[in-house]
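Right, one structure below, let's go through it.
Protein chains in written order, with this note's numbering: chain G, 1 to 440; chain B, 441 to 740.
Below is the structure:
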């Protein structure tokens with residue numbers, strides 16, 4: 001009897017083992033095919049230092065193990081990567097197989113032929129079923145859409161700008177969450193004047209592209225614009241543009257000391273250390289704000305879509321993607337790398353390691369929404385970004401010359417911001433310089 | 441053999457050194473001269489960085505004219521910042537470096553250790569120095585911590601009034617040791633006899649310093665100054681990491697201006713023109729300093 005019982009147990013154990021051996025992990029199955037075809041290949045990928053890359057770094061060893069593809073990451077600071085990209089484009093070289101590209105650079109890599117259109121690759125056999133391109137939010141996908149109707153990047157770190165506020169302070173002082181920019185100014189003034197060690201508002205304002213990034217959010221709510229969508233003419237001298245620059249200049253007095261030189265890490269730090277009651281910043285800051293190891297205000301922060309100005313409430317989208325280089329000799333392996341890391345199938349790993357949400361499935365997931373209180377504000381702000389798009393406007397001009405336009409606005413605007421020149425002088429100067437650049 | 445030697449000996453005296461120097465001269469001229477000529481050529485065209493040179497349009501000296509006279513150009517503001525930065529770093533570094541070198545030239549315990557520690561700021565990566573400077577000069581940073589203890593006041597080093605001073609102070613911290621090390625080496629090679637003779641004649645320490653040490657050290661002081669001067673005018677990393685030239689144009693020196701014009705605004709012509717002007721300034725002031733040094737050396 002005993003022997004029979006043991007025998008039955010053995011049979012059961014064998015059966016269970018066979019069943020588990022027959023059940024397949026779709027990721028491993030896909031990877032086995034890739035390994036057979038492209039194992040042993042080495043790809044070089046240029047990336048910027050960014051939280052999303054830190055998340056990818058934890059995922060790459062498994063990709064290498066599963067596919068046999070070796071990944072060499074050439075990591076550098078964001079500005080340096082931009083210059084590297086410019087040099088690569090101008091030298092028509094092929095040092096990289098894939099590159100992390102920002103929305104600002106996409107028109108250049110697309111129009112120059114440096115990057116390859118990705119539609120054929122998305123439809124290729126290499127793309128796994130669990131990649132699910134359509135799940136990436138359309139607002140983010142279309143950041144990398146060029147005039148030829150093709151996409152030149154797979155977004156993995158979509159970004160919008162919303163308002164962070166200290167729930168505890170607002171409740172304690174009985175102040176409503178600002179719904180208009182006038183209320184933002186009043187609330188910022190109140191906290192600066194009445195709460196020791198707390199300033200009204202934090203944001204980035206460092207000379208150059210960071211100033212433009214911040215200012216571009218304030219343009220449309222005040223009726224301003226960079227280029228008139230109806231005529232295509234540079235419209236930096238429009239009354240709304242002037243009003244928006246005057247507004248952020250006035251808001252400066254309620255910022256932390258030294259805000260005029262703040263890059264985004266300092267703007268985030270000021271808020272995370274509890275030194276600012278409000279922050280208008282990139283959604284990418286939210287995971288950091290909610291991280292109790294880094295932030296003193298984790299769990300005390302509320303998130304709200306951007307307030308309305310006289311012309312309405314608008315936000316914008318920015319973000320990072322992986323582009324694949326046209327001259328790469330390892331396109332298949334590079335695409336396998338991109339598809340794997342940015343896929344829906346690996347999304348949970350990516351987000352758990354500090355990645356930045358870019359997919360509808362994650363933003364709509366009730367469990368994730370409960371764990372990430374900023375998801376709701378992200379969705380609301382994406383609608384504000386869509387509203388901006390409906391006006392024919394955007395926070396980044398879709399032109400290969402955006403870096404020049406952004407820099408001119410960022411220099412002249414920053415000079416007016418600190419009073420080195422008047423707002424009128426800054427506006428006149430940028431109108432003339434941007435017109436010259438775009439006319440070339 | 442004898443005939444050969446005689447034949448060589450009949451040639452002019454400058455020929456042998458000239459022949460020996462020629463290969464090095466050709467290499468240096470080919471690299472530096474060609475680069476300078478190419479840069480000048482780029483300064484006379486209208487070209488967007490990233491586009492092939494075939495797209496370049498000749499514009500003569502228009503880029504120079506724009507930099508010097510256009511109302512939107514910040515070249516003059518940049519030059520002003522560069523001059524303040526140059527004087528603000530070189531003079532204190534020279535004085536501080538010489539003073540500390542004089543102190544270290546005495547026999548004291550721990551001299552060698554102190555000298556070794558001095559090297560640390562010089563060997564740090566410039567971008568790290570910039571990052572350290574950015575953190576130390578933040579409103580809650582170490583510099584304000586000491587200021588508050590000593591004076592009860594914290595300053596906004598990130599603001600337009602003090603940002604340039606913050607960058608200057610970081611440069612002084614980083615590069616004064618360069619003066620110290622070179623000048624200390626110079627002091628240690630000075631002959632003892634003149635000092636002993638002066639002591640026998642009853643000269644005071646001050647007289648020994650002004651009448652013997654200073655004149656003997658002047659050529660080396662100027663040489664060190666020239667080396668550092670050329671370096672200061674090329675400095676980029678520290679200022680870029682600390683303030684990126686801001687706030688406004690408060691810390692935009694000529695190298696930052698060249699970088700911004702060429703690589704960010706992608707205006708190759710104007711960037712090259714600014715670069716040529718920077719080279720002219722460096723070369724002409726270096727020549728003046730070398731002439732001064734030669735004259736002093738001769739007089740000494």
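Even glycine gets a Cβ: it sits at the ideal position worked out from N, Cα and C.
Given the structure is predicted, the values throughout are model-derived calculations rather than measurements.
Interface flag, residue i vs chain B, CB-CB below 7 Å
{"i": "residue 234 of chain G", "result": "no"}
{"i": "residue 126 of chain G", "result": "no"}
{"i": "residue 240 of chain G", "result": "no"}
{"i": "residue 134 of chain G", "result": "no"}
{"i": "residue 280 of chain G", "result": "no"}
{"i": "residue 230 of chain G", "result": "no"}
{"i": "residue 103 of chain G", "result": "no"}
{"i": "residue 86 of chain G", "result": "yes"}
{"i": "residue 418 of chain G", "result": "yes"}
{"i": "residue 451 of chain G", "result": "Here chain G covers residues 1 to 440 and nothing more, so residue 451 of chain G does not appear."}
{"i": "residue 423 of chain G", "result": "no"}
{"i": "residue 261 of chain G", "result": "yes"}
{"i": "residue 62 of chain G", "result": "no"}
{"i": "residue 83 of chain G", "result": "yes"}
{"i": "residue 407 of chain G", "result": "yes"}
{"i": "residue 90 of chain G", "result": "yes"}
DSSP beta-bridge partners of residue i
{"i": "residue 29 of chain G", "result": "Paired residues: none, contrary to the question."}
{"i": "residue 312 of chain G", "result": "G:309"}
{"i": "residue 301 of chain G", "result": "G:166"}
{"i": "residue 151 of chain G", "result": "G:145"}
{"i": "residue 320 of chain G", "result": "G:102 and G:157"}
{"i": "residue 73 of chain G", "result": "G:45"}
Closest residue to residue i among the options (Cα-Cα distance)
{"i": "residue 503 of chain B", "options": "B:702, B:538 and B:686", "result": "B:702"}
{"i": "residue 30 of chain G", "options": "G:128, G:119 and G:61", "result": "G:128"}
{"i": "residue 579 of chain B", "options": "B:656, B:596 and B:603", "result": "B:596"}
{"i": "residue 151 of chain G", "options": "G:216, G:141, G:158 and G:275", "result": "G:141"}
{"i": "residue 629 of chain B", "options": "B:641, B:584, B:647 and B:542", "result": "B:542"}
{"i": "residue 207 of chain G", "options": "G:407, G:440, G:424 and G:438", "result": "G:407"}
{"i": "residue 310 of chain G", "options": "G:98, G:131 and G:181", "result": "G:181"}
{"i": "residue 316 of chain G", "options": "G:279, G:210 and G:217", "result": "G:217"}
{"i": "residue 386 of chain G", "options": "G:166, G:214, G:430 and G:318", "result": "G:318"}
{"i": "residue 133 of chain G", "options": "G:376, G:154 and G:250", "result": "G:154"}
{"i": "residue 370 of chain G", "options": "G:400, G:437, G:299 and G:258", "result": "G:299"}
{"i": "residue 314 of chain G", "options": "G:237, G:320, G:143 and G:390", "result": "G:390"}
{"i": "residue 255 of chain G", "options": "G:246, G:245, G:271 and G:265", "result": "G:271"}
Any chain G beta carbon closer than 7 Å to residue i
{"i": "residue 683 of chain B", "result": "yes"}
{"i": "residue 598 of chain B", "result": "yes"}
{"i": "residue 617 of chain B", "result": "no"}
{"i": "residue 592 of chain B", "result": "no"}
{"i": "residue 705 of chain B", "result": "yes"}
{"i": "residue 687 of chain B", "result": "yes"}
Rounded separation between residue i and residue j - CA only
{"i": "residue 261 of chain G", "j": "residue 415 of chain G", "result": "11 Å"}
{"i": "residue 326 of chain G", "j": "residue 113 of chain G", "result": "7 Å"}
{"i": "residue 243 of chain G", "j": "residue 221 of chain G", "result": "10 Å"}
{"i": "residue 87 of chain G", "j": "residue 283 of chain G", "result": "30 Å"}
{"i": "residue 194 of chain G", "j": "residue 295 of chain G", "result": "23 Å"}
{"i": "residue 434 of chain G", "j": "residue 404 of chain G", "result": "8 Å"}
{"i": "residue 397 of chain G", "j": "residue 103 of chain G", "result": "10 Å"}
{"i": "residue 494 of chain B", "j": "residue 158 of chain G", "result": "38 Å"}
{"i": "residue 505 of chain B", "j": "residue 480 of chain B", "result": "14 Å"}
{"i": "residue 188 of chain G", "j": "residue 178 of chain G", "result": "10 Å"}
{"i": "residue 297 of chain G", "j": "residue 274 of chain G", "result": "6 Å"}
{"i": "residue 21 of chain G", "j": "residue 680 of chain B", "result": "Any reading at residue 21 of chain G must be qualified, since the residue scores a pLDDT of 47, below 50, and its modelled position is unreliable; the value itself is stated next. Distance between the alpha carbons of residue 21 of chain G and residue 680 of chain B: 58 Å."}
{"i": "residue 638 of chain B", "j": "residue 539 of chain B", "result": "21 Å"}
{"i": "residue 201 of chain G", "j": "residue 190 of chain G", "result": "11 Å"}
{"i": "residue 588 of chain B", "j": "residue 614 of chain B", "result": "24 Å"}
{"i": "residue 651 of chain B", "j": "residue 518 of chain B", "result": "40 Å"}
{"i": "residue 565 of chain B", "j": "residue 711 of chain B", "result": "26 Å"}
{"i": "residue 342 of chain G", "j": "residue 111 of chain G", "result": "24 Å"}
{"i": "residue 231 of chain G", "j": "residue 307 of chain G", "result": "28 Å"}
{"i": "residue 526 of chain B", "j": "residue 611 of chain B", "result": "10 Å"}
{"i": "residue 63 of chain G", "j": "residue 138 of chain G", "result": "27 Å"}
{"i": "residue 214 of chain G", "j": "residue 241 of chain G", "result": "13 Å"}
- Query: Using a beta-carbon distance cut-off of less than 8 Å, what residues from the segment 573-586 of chain B approach chain G?
  - Reply: 578 and 579
- Query: Using Cβ-Cβ distances below 7 Å, what residues of the segment 148-166 of chain G are close to chain B?
  - Reply: none
- Message: Closer than 9 Å between beta carbons: that is the criterion. Which residues of the segment 479-498 of chain B meet it against chain G?
- Response: 486, 488, 489, 490, 491 and 492
- Message: Residues of the segment 500-514 of chain B in Cβ contact with chain G at a cutoff of 9 Å, in chain order, please.
- Response: Using a CB distance below 9 Å, the part of the segment 500-514 of chain B facing chain G consists of 511, 512 and 514, ordered along the chain.
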